[in-house]
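Take a look at the structure set out below.
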Amino acid sequence: MDLQHVSTELPACVSKSQPVLICPEKRTPKRPLYLSNIDNLNFLRYHFELLFAYRKSVPIEDLKSSLSEVLFHYYPLVGRIRICSEDEDRLEVDCNGKGALLAEGFMDFTVDEFLKDNTWLNMAWKDKLLFEVDAQSDLDIPPLVTYLSCGGMLMCISMYHCMADGVGVSKFLHDWAHLRGNPNMDLPIPPIHNRELLKPRNPLQIPFDHPEFTDITQDFDISKYLKSQTLDPSCLTMTQSHIQRLKTFCEPSLKCSTFEALAAH
Numbered sequence: 068m069d070l071q072h073v074s075t076e077l078p079a080c081v082s083k084s085q086p087v088l089i090c091p092e093k094r095t096p097k098r099p100l101y102l103s104n105i106d107n108l109n110f111l112r113y114h115f116e117l118l119f120a121y122r123k124s125v126p127i128e129d130l131k132s133s134l135s136e137v138l139f140h141y142y143p144l145v146g147r148i149r150i151c152s153e154d155e156d157r158l159e160v161d162c163n164g165k166g167a168l169l170a171e172g173f174m175d176f177t178v179d180e181f182l183k184d185n186t187w188l189n190m191a192w193k194d195k196l197l198f199e200v201d202a203q204s205d206l207d208i209p210p211l212v213t214y215l216s217c218g219g220m221l222m223c224i225s226m227y228h229c230m231a232d233g234v235g236v237s238k239f240l241h242d243w244a245h246l247r248g249n250p251n252m253d254l255p256i257p258p259i260h261n262r263e264l265l266k267p268r269n270p271l272q273i274p275f276d277h278p279e280f281t282d283i284t285q286d287f288d289i290s291k292y293l294k295s296q297t298l299d300p301s302c303l304t305m306t307q308s309h310i311q312r313l314k315t316f317c318e319p320s321l322k323c324s325t326f327e328a329l330a331a332h
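Going by this note's numbering, the first residue of the sequence shown is number 68, and it counts up by one from there.
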């Protein structure tokens, strides 16, 4: 699966304006939001980024209005993460409706050039396609919509992992797209933000064993070994033909999803 690279330098993004603050279109609940023990895991306290390329652009005013509408349903995203007053080792969300930022830019580049070249798809692209600001919101690195010279656009979004995983972010983006095409419509499946359903009982009750959390004494410490290794960020472009080829290695009688094929690879 060797990929042929033709180096094309990614031009600097010319910002048209400073990020604007987008608030929910209606009043939202003002309250602290409990984050579960899973959400509070230390290794989930980081931002992850998603980058999308579109051959057709959407006017920035349409994106602003639809973002305002979807943030009413996803009101924790316009709050601020803070240390829990009852436990300094835990995080919680201050749902205060203060808003999320949206930035706009322009780049003298085309979607085809963007998709054709893979050499710059590494950590360097973040310097040009992310708009970093000093803030404390869950979307504190605001979505940057970059309009291209061909009429297409790029959209880069970053989110704090303790607020949402890949599935949660995917639902947020699908709902944003749904409301952009269907303004003032109800969401097909409204999000549920009550994470207290996962709150441990008080007093704590453990009715059965959890072997997955049991420490196993072993000569080889896999955790220590992994921490001693040097991690090098890399990016690999997987086309549809690459994925289909991977799936051919699966047993014919088994149905293999794209996620399973990539994870196995």
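We put the CB at the ideal spot given by N, CA and C, even for glycine.
| Query | Result |
| --- | --- |
| Residue 245 (DSSP reduced to helix, strand or coil) | helix |
| Integer-rounded CB distance, given that residue 215 should sit under 8 Å from residue 178 | 6 Å |
| DSSP-derived helix/strand/coil call for residue 155 | coil |
| Between the CA atoms of residue 132 and residue 264 - distance to the nearest angstrom | 32 Å |
| Beta-bridge pairing of residue 98 - partner residues as DSSP gives them | 162 |
| Under 8 Å between C-beta atoms of residue 107 and residue 229 | yes |
| C-alpha gap between residue 257 and residue 99, whole angstroms | 20 Å |
| Contacts around residue 84, its chain only, beta-carbon distance under 7 Å, and the 5 residues preceding and following it disregarded | 171 |
| Where residue 325 sits in the DSSP three-state scheme | helix |
| Close beta carbons around residue 71, own chain, < 6 Å, minus the five adjacent residues each side | Because the pLDDT at residue 71 is just 37, under 50, the model does not fix this residue reliably, and the value given afterwards should be weighed accordingly. None. |
| Range covered by the alpha helix (DSSP H) that runs through residue 136 | 127-140 |
| Secondary structure of residue 296, DSSP reduced to three states | coil |
| Nearest-angstrom beta carbon gap, residue 78 and residue 176 [assumed within contact, 8 Å] | 6 Å |
| Rounded C-alpha distance that separates residue 213 from residue 156 | 38 Å |
| Among 143, 116 and 81, nearest to residue 97 - alpha-carbon criterion | 143 |
| Beta-carbon gap between residue 219 and residue 120 smaller than 8 Å | yes |
| Outcome for residue 113 when other beta-carbon atoms lying within 10 angstroms are tallied against a minimum of 16 | exposed |
| Nearest residue (CA-CA) to residue 327, options 320, 314 and 111 | 314 |
| Residues that DSSP places opposite residue 171 in a beta bridge | 84 and 212 |
| Alpha carbon of residue 195 to alpha carbon of residue 182, nearest angstrom | 16 Å |
| Distance, residue 93 Cα to residue 251 Cα | 12 Å |
| Rounded separation between residue 278 and residue 296 - CA only | 28 Å |
| Rounded straight-line distance, which links the Cα of residue 309 to that of residue 317 | 14 Å |
| Residue 81 classed as buried or exposed, judged by whether at least 16 other C-beta atoms fall within 10 angstroms | exposed |
| Cβ neighbours of residue 260 in the same chain (closer than 7 Å, five flanking residues each side left out) | 100 and 143 |
| Close Cβ partners of residue 160 (< 8 Å) along its chain, the five nearest in sequence each way excluded | 99, 100, 102, 143, 146, 147, 148, 149, 205 and 230 |
| Residue 292 versus residue 286 - alpha carbon distance | 12 Å |
| As assigned by DSSP and simplified to three states, the class of residue 149 | strand |
| Backbone CA spacing between residue 30 and residue 89 [nearest angstrom] | As displayed, the chain neither begins before 68 nor continues past 332, which places residue 30 out of reach and without an answer. |
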